[in-house]
Amino acid sequence: MRLSFIRPISCCSVSSPATSVKLQKPLFLRPPTFKTTISDLKKWHLWAKSLTCSVGSTFLELDNGPDSELLLRELNWLVEDAIQTPKSFLQQPHKNYNDNSSVSIRASLEQLYMLWKQRVEERRPFQYVVGCEHWRDLVLSVQEGVLIPRPETELIVDLVNDAIKENEELREGLWADLGTGSGALAIGIARILGSSGRVVATDLSPVAAAVASYNVQRYDLEEKVHVKQGSWFEPLRDNEGEFVGLVSNPPYIPSKDIGGLQAEVGRHEPRLALDGGASGMNDLIHLCDGAFSMLKPGGFFAFETNGDEQSKFLVHYIETKKQGNFSKVKMVSDFAGIQRFITGFRGR
Amino acid sequence: MEIVVQSSVGQYSKPFHSLARNRIMAASVPITRVTAMDRRREGISQLTSHSFFPAIRRIRAMHKSITSCPTVSFATPDVGVSNTETREWAMQDFYTLRKDVETVLERVQEIRAAAGLKQLQEDLAALEAVAADSSLWDDRAKAQETLQALTDCKDKLKLLCDFKTQADDAETIIKLTEEMDSIDSVFLQEASGIIKELNKALDRFELTQLLSGPYDKEGAVITITAGAGGTDAQDWADMLLRMYVRWAEKQRYKTKVVEKSVGEEAGIKSATVEIDGRYAYGYLSGEKGTHRIVRQSPFNSKGLRQTSFTGIEVMPLLPEDSTNVEIPEEDLDISFTRAGGKGGQNVNKVETAVRITHIPTGVAVRCTEERSQLANKIKALSRLKAKLLVIAEEQRASEIKQIRGDTVKAEWGQQIRNYVFHPYKLVKDVRTAYETSDITSVMDGELDPFIKAYLKHKYSLAANPSGLT
Numbered sequence: 001m002r003l004s005f006i007r008p009i010s011c012c013s014v015s016s017p018a019t020s021v022k023l024q025k026p027l028f029l030r031p032p033t034f035k036t037t038i039s040d041l042k043k044w045h046l047w048a049k050s051l052t053c054s055v056g057s058t059f060l061e062l063d064n065g066p067d068s069e070l071l072l073r074e075l076n077w078l079v080e081d082a083i084q085t086p087k088s089f090l091q092q093p094h095k096n097y098n099d100n101s102s103v104s105i106r107a108s109l110e111q112l113y114m115l116w117k118q119r120v121e122e123r124r125p126f127q128y129v130v131g132c133e134h135w136r137d138l139v140l141s142v143q144e145g146v147l148i149p150r151p152e153t154e155l156i157v158d159l160v161n162d163a164i165k166e167n168e169e170l171r172e173g174l175w176a177d178l179g180t181g182s183g184a185l186a187i188g189i190a191r192i193l194g195s196s197g198r199v200v201a202t203d204l205s206p207v208a209a210a211v212a213s214y215n216v217q218r219y220d221l222e223e224k225v226h227v228k229q230g231s232w233f234e235p236l237r238d239n240e241g242e243f244v245g246l247v248s249n250p251p252y253i254p255s256k257d258i259g260g261l262q263a264e265v266g267r268h269e270p271r272l273a274l275d276g277g278a279s280g281m282n283d284l285i286h287l288c289d290g291a292f293s294m295l296k297p298g299g300f301f302a303f304e305t306n307g308d309e310q311s312k313f314l315v316h317y318i319e320t321k322k323q324g325n326f327s328k329v330k331m332v333s334d335f336a337g338i339q340r341f342i343t344g345f346r347g348r
Numbered sequence: 349m350e351i352v353v354q355s356s357v358g359q360y361s362k363p364f365h366s367l368a369r370n371r372i373m374a375a376s377v378p379i380t381r382v383t384a385m386d387r388r389r390e391g392i393s394q395l396t397s398h399s400f401f402p403a404i405r406r407i408r409a410m411h412k413s414i415t416s417c418p419t420v421s422f423a424t425p426d427v428g429v430s431n432t433e434t435r436e437w438a439m440q441d442f443y444t445l446r447k448d449v450e451t452v453l454e455r456v457q458e459i460r461a462a463a464g465l466k467q468l469q470e471d472l473a474a475l476e477a478v479a480a481d482s483s484l485w486d487d488r489a490k491a492q493e494t495l496q497a498l499t500d501c502k503d504k505l506k507l508l509c510d511f512k513t514q515a516d517d518a519e520t521i522i523k524l525t526e527e528m529d530s531i532d533s534v535f536l537q538e539a540s541g542i543i544k545e546l547n548k549a550l551d552r553f554e555l556t557q558l559l560s561g562p563y564d565k566e567g568a569v570i571t572i573t574a575g576a577g578g579t580d581a582q583d584w585a586d587m588l589l590r591m592y593v594r595w596a597e598k599q600r601y602k603t604k605v606v607e608k609s610v611g612e613e614a615g616i617k618s619a620t621v622e623i624d625g626r627y628a629y630g631y632l633s634g635e636k637g638t639h640r641i642v643r644q645s646p647f648n649s650k651g652l653r654q655t656s657f658t659g660i661e662v663m664p665l666l667p668e669d670s671t672n673v674e675i676p677e678e679d680l681d682i683s684f685t686r687a688g689g690k691g692g693q694n695v696n697k698v699e700t701a702v703r704i705t706h707i708p709t710g711v712a713v714r715c716t717e718e719r720s721q722l723a724n725k726i727k728a729l730s731r732l733k734a735k736l737l738v739i740a741e742e743q744r745a746s747e748i749k750q751i752r753g754d755t756v757k758a759e760w761g762q763q764i765r766n767y768v769f770h771p772y773k774l775v776k777d778v779r780t781a782y783e784t785s786d787i788t789s790v791m792d793g794e795l796d797p798f799i800k801a802y803l804k805h806k807y808s809l810a811a812n813p814s815g816l817t
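So this is what it looks like as structure tokens:
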């Protein structure tokens with residue numbers, strides 16, 4: 001059943017004939033085949049820094065985007081990813097203005113100029129620029145067409161871990177990550193499951209399914225995680241009622257809010273992964289409705305929401321409309337104190 | 349050569365003896381090529397054996413045969429070669445040198461006695477017995493602890509042994525010279541060199557003896573935070589960052605600026621540096637506090653005199669698994685920066701910073717340097733533990749639980765040092781009253797005199813808590 005997206009990736013990108021999805025290899029994984037001099041690199045770095053500093057807080061005021069301080073942090077990370085030996089470059093900023101010694105980089109100097117220009121002028125998300133996102137202890141490949149996993153979502157893996165500790169049966173069962181995107185949750189969960197624990201990751205987007213498969217392969221989890229393309233529960237029909245756990249970070253932003261999002265999100269990330277319909281809860285309600293028949297008795301679910309309002313509504317919805325189907329339904333807040341998740345168990 | 353010797357600070361294990369020897373070799377080269385070659389050939393055995401005689405004898409022999417008459421006899425002061433400089437050195441300084449050698453011999457003896465040589469040897473034997481036991485690796489952590497203790501013990505013994513060898517070498521030269529009834533200035537200069545280096549090593553050793561805190565041997569994490577005062581304060585914070593990095597480089601410690609938040613116009617708002625090396629924490633722990641600068645600020649358009657402050661915080665750099673401190677989850681308030689707004693899918697900013705507050709004590713740490721939230725959380729927790737352990741140590745509490753939250757001082761409340769650039773130049777420590785007008789060297793990382801003065805001050809306070817020194 002596994003899709004044919006999994007194939008060796010060479011150099012920068014390769015197109016998969018089955019789906020014609022072009023996979024972008026993360027910058028830090030590309031071979032350092034380009035050469036430049038320290039002084040030229042330094043010139044680029046100075047240019048990038050001054051471009052960044054000129055931003056000041058304009059993006060912040062405009063659409064709550066990043067200020068120059070955050071952008072400078074990103075620039076350091078770009079250097080880390082692009083240069084073979086970034087430490088010597090970053091740690092001795094005053095010593096290498098006239099240094100003509102050679103340095104190996106993973107993209108040409110022209111590309112580096114272009115990438116940072118895209119970052120600042122087009123507001124292309126940093127994670128698309130470097131092709132990866134550090135998430136929990138993972139480094140996940142991401143590219144246009146795939147939602148960049150957010151730090152808040154890291155917490156779902158901890159919630160799953162807590163549930164597993166309460167009930168060890170969950171460790172060896174079948175899990176599903178619905179709307180997996182880059183595969184973050186599926187991989188995070190697969191790594192805490194036991195030897196016979198499995199995860200099915202679904203996504204409607206062929207790009208997401210391809211990127212998720214690539215990430216699964218990078219972490220050697222092909223045996224544990226199966227990526228399937230399709231809408232929500234559709235690809236899971238064969239295993240109805242067999243799941244010990246369901247997790248999802250579905251699109252939950254109300255359609256009317258999409259236009260006001262910070263440019264990195266609104267202009268560049270896939271609307272499919274963000275727009276949750278008029279109330280933002282179309283997909284969340286669909287998930288709540290379908291969860292009962294998918295889960296085994298005692299099975300666990302955790303869904304991410306847009307915050308307090310949606311979480312309260314959904315807990316109320318489950319408790320009234322799905323009376324008796326679920327137990328211990330509750331809201332869990334993220335580290336910023338927003339009620340970000342709803343969790344619960346199927347009744348026995 | 350001086351620098352190399354200094355750099356062995358902190359890693360006391362290898363230093364000194366062999367370096368001093370190398371110096372002798374190097375200095376001897378001008379005498380004659382043959383000598384140098386010859387000695388290099390046999391160098392290894394010489395360096396490992398601790399006797400100085402063969403070298404001296406051989407050089408003396410060669411010296412005589414090749415350069416016909418390089419020595420200056422007391423009886424016949426001038427035999428054709430007009431070597432007044434040598435003679436003068438010899439005449440005036442031989443007795444001083446002999447006195448220096450006697451003093452250093454006494455000092456070495458005292459230090460060896462005070463260090464509990466016998467006890468150390470017994471400790472070594474006991475530790476070796478434990479290390480040789482087949483059950484050693486049953487408890488991995490304990491095994492590592494034992495092996496570290498064994499290394500420490502061996503290092504210390506070797507050092508004490510080296511002190512003696514070096515003092516003996518110097519004494520030998522003196523005796524030999526007396527025996528010969530003539531003076532070889534090259535030798536005496538070497539003896540004088542040995543004494544000089546040995547005294548430095550003894551100073552350093554005594555200083556290390558003052559470092560007996562449980563974390564003194566560890567590396568250090570320094571957090572530098574610019575105080576109020578705008579760009580001037582942020583520039584001052586940057587100057588201090590440079591100062592500590594330079595100091596650490598001089599000690600040959602590994603430094604890593606793990607977090608740096610740059611100021612709008614110049615300087616930094618804050619920075620965190622990890623300094624990895626033995627005793628880094630012991631030396632730097634006294635740097636904790638507020639550092640004040642007075643100068644004509646380059647950022648003040650009127651060129652007026654301005655005062656700014658920067659806070660320095662120092663924590664031990666503990667290996668991640670070494671802090672077997674469990675803090676109950678409910679005592680921790682973990683928050684991460686999401687500048688307002690709705691968070692989640694609505695926002696994509698690299699704000700993975702995690703701030704953890706220990707609720708009972710109010711002690712807080714922040715970690716922003718890692719690229720994922722989880723990584724920042726792990727690191728922040730490890731820093732928080734290190735911080736709480738240090739506070740517990742300061743309060744002589746045996747457990748984190750016993751820390752009296754109300755008495756935890758503001759992180760860097762106390763002003764410890766003034767750096768005056770204008771109208772005169774002066775760096776003065778308010779605790780020890782140690783001062784220097786060489787502000788440039790201090791800013792270049794010449795902190796040792798301040799560190800030493802503070803450690804002695806702290807030690808004497810501990811010995812006489814009433815302050816009636």
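Taken in order, these protein sequences are the chains called A and B.
Reading the first sequence from the start, the letters are residues 1 to 348 in the numbering used here.
Reading the second sequence from the start, the letters are residues 349 to 817 in the numbering used here.
Ideal Cβ positions, reconstructed from N, Cα and C, are used throughout, including at glycine.
Could you compute how far the alpha carbon of residue i sits from the alpha carbon of residue j?
i                      : j                      : result
residue 338 of chain A : residue 146 of chain A : 25 Å
residue 610 of chain B : residue 314 of chain A : 43 Å
residue 507 of chain B : residue 533 of chain B : 28 Å
residue 734 of chain B : residue 638 of chain B : 21 Å
residue 209 of chain A : residue 35 of chain A  : 34 Å
residue 355 of chain A : residue 724 of chain B : The structure shown does not extend to residue 355 of chain A, since chain A is modelled only from 1 to 348, so the question has no answer here.
residue 551 of chain B : residue 731 of chain B : 32 Å
residue 329 of chain A : residue 483 of chain B : 51 Å
residue 302 of chain A : residue 218 of chain A : 26 Å
residue 502 of chain B : residue 472 of chain B : 7 Å
residue 182 of chain A : residue 148 of chain A : 7 Å
residue 453 of chain B : residue 517 of chain B : 10 Å
residue 169 of chain A : residue 186 of chain A : 18 Å
residue 288 of chain A : residue 318 of chain A : 7 Å
residue 310 of chain A : residue 335 of chain A : 17 Å
residue 73 of chain A  : residue 714 of chain B : 16 Å
residue 442 of chain B : residue 786 of chain B : 33 Å
Name, in chain order, the residues that DSSP records as bridge partners for residue i.
i                      : result
residue 731 of chain B : Note: residue 731 of chain B sits in no beta bridge, so no partner.
residue 295 of chain A : A:243
residue 333 of chain A : A:339
residue 714 of chain B : B:703
residue 584 of chain B : According to DSSP, which records beta bridges pairwise, residue 584 of chain B is partnered with nothing at all.
residue 177 of chain A : A:201, A:247
Can you list, in chain order, the residues of its chain whose CB lies under 6 Å from that of residue i, leaving out five sequence neighbours each side?
i                      : result
residue 249 of chain A : 153, 304
residue 280 of chain A : 252, 253, 254, 306
Please go through the same chain and pick out, in chain order, the residues whose beta-carbon is closer than 7 Å to the beta-carbon of residue i, but skip the five residues on each side of it.
i                      : result
residue 136 of chain A : 154, 157, 188
residue 509 of chain B : none
residue 171 of chain A : 164, 193, 194, 197
Looking only at its own chain, which residues have a Cβ that is under 8 Å from the Cβ of residue i, when we skip the five neighbours before and after it?
i                      : result
residue 260 of chain A : 63, 266
residue 235 of chain A : 200, 202, 228, 229
Report task. List in chain order: all unbroken alpha helix (DSSP H) runs of 4+ residues lying wholly within the segment 196–235 of chain A. Result -> 206–218
Report task. Entirely within the segment 58–141 of chain A and at least 3 residues each: give me those beta strand (DSSP E) ranges in chain order. Result -> 102–105, 132–135, 138–141
Report task. Quick one: which unbroken beta strand (DSSP E) runs of 3-plus residues sit fully inside the segment 602–689 of chain B? Chain order, please. Result -> 602–610, 616–624, 637–644, 653–665, 680–684
Query raised in the report: Does the segment 158–169 of chain A come close enough to the segment 35–45 of chain A that 3 or more CB-CB pairs lie under 8 Å?
Result: no
Requested in this report: May I ask you to verify whether the segment 713–726 of chain B touches the segment 124–138 of chain A, counting CB pairs closer than 8 Å and requiring at least 3?
Outcome: yes
Query raised in the report: What residue ranges within the segment 757–816 of chain B form continuous alpha helix (DSSP H) runs of no fewer than 4 residues, ordered along the chain?
Result: 787–791, 796–811
Requested in this report: Indicate whether the contact test is met: 3 or more Cβ pairs, each with one atom in the segment 40–57 of chain A and one in the segment 673–687 of chain B, closer than 8 Å.
Outcome: no
Query raised in the report: If we count Cβ pairs, one from each stretch, closer than 8 Å, do we get three or more for the segment 636–655 of chain B versus the segment 577–587 of chain B?
Result: yes
Query raised in the report: Taking one C-beta from the segment 487–501 of chain B and one from the segment 448–464 of chain B each time, how about it: are there three or more such pairs within less than 8 Å?
Result: no
Query raised in the report: Does the segment 549–567 of chain B come close enough to the segment 580–587 of chain B that 3 or more CB-CB pairs lie under 8 Å?
Result: No: the two stretches stay apart, fewer than three of their Cβ pairs being nearer than 8 Å.
Query raised in the report: Do the segment 619–628 of chain B and the segment 563–572 of chain B touch if we need at least three Cβ pairs shorter than 8 Å?
Result: yes
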